[in-house]
Structures are given as structure tokens and as C-alpha cells.
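First up is the structure itself, then whatever we jot down about it.
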């Protein structure tokens with residue numbers, strides 16, 4: 028899973044876009060990624076969340092495994 032999967036529905040701005048958003052009081056620079064259907068958006072977000080949970084669990088098990096010996 029790459030970093031972009033975590034922010035599937037919200038587009039990550041570049042540095043210059045981020046700086047411009049500071050001055051954008053009317054939120055005219057809001058940009059979101061589209062999905063063909065709400066169900067697919069939910070499925071993708073939920074799948075990515077569970078991938079993140081699995082990754083955290085693997086990291087925790089790897090970290091605490093030496094303590095079992």
C-alpha cells in the first residue's frame with residue numbers, strides 16, 4: 028500500500044498549492060478525487076483502512092516478537 032491509498036478521496040496538494048490554500052478564504056481551491064459510485068468510494072476507503080490496520084499489526088508483532096524468547 029502506498030501513501031496515496033491512504034488519502035484516496037482527498038487530493039494531496041503540492042507545496043505551492045498548500046501555500047495558496049492559506050490565502051484562499053473562500054475555499055475555491057478545494058479538490059477531491061472522484062469515484063464512480065459512493066459504494067465504490069466506501070469500499071476503497073474501508074479496504075485501505077484495513078490494509079493500514081494490518082500493516083500496524085505486522086509492525087507491532089515484529090517489534091514485540093523478540094520479547095517472547
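In the numbering used here, the protein residues as written are 28 to 96.
Ideal Cβ placement from N, Cα and C applies to all residues, glycine included.
| query | Got a sec? Which residues, its chain only, sit under 6 Å from residue 86 by beta carbon, not counting five neighbours each side? | reply | Taking the first residue of the chain shown as 1, we reach residue 86 at position 59. So the list is empty, once near-sequence residues are dropped.
| task | Taking 9 Å as the cut-off, decide whether the C-beta atoms of residue 62 and residue 71 are in contact. | result | As a working note, residue 62 is residue 35 in the chain shown. As a working note, residue 71 is residue 44 in the chain shown. Between residue 62 and residue 71, the gap from beta carbon to beta carbon is short of 9 Å.
| message | For a test of the three-state rule: what should DSSP assign to residue 50, helix, strand or coil? | response | Numbered from its first residue, the chain shown carries residue 50 at position 23. Residue 50: helix per DSSP, three-state reduction.
| task | Taking only the alpha-carbon atoms, compute the straight-line gap between residue 51 and residue 41 and give it to the nearest angstrom. | result | Position 24 of the chain shown holds residue 51. Position 14 of the chain shown holds residue 41. Taking the straight line from one Cα to the other gives about 15 Å.
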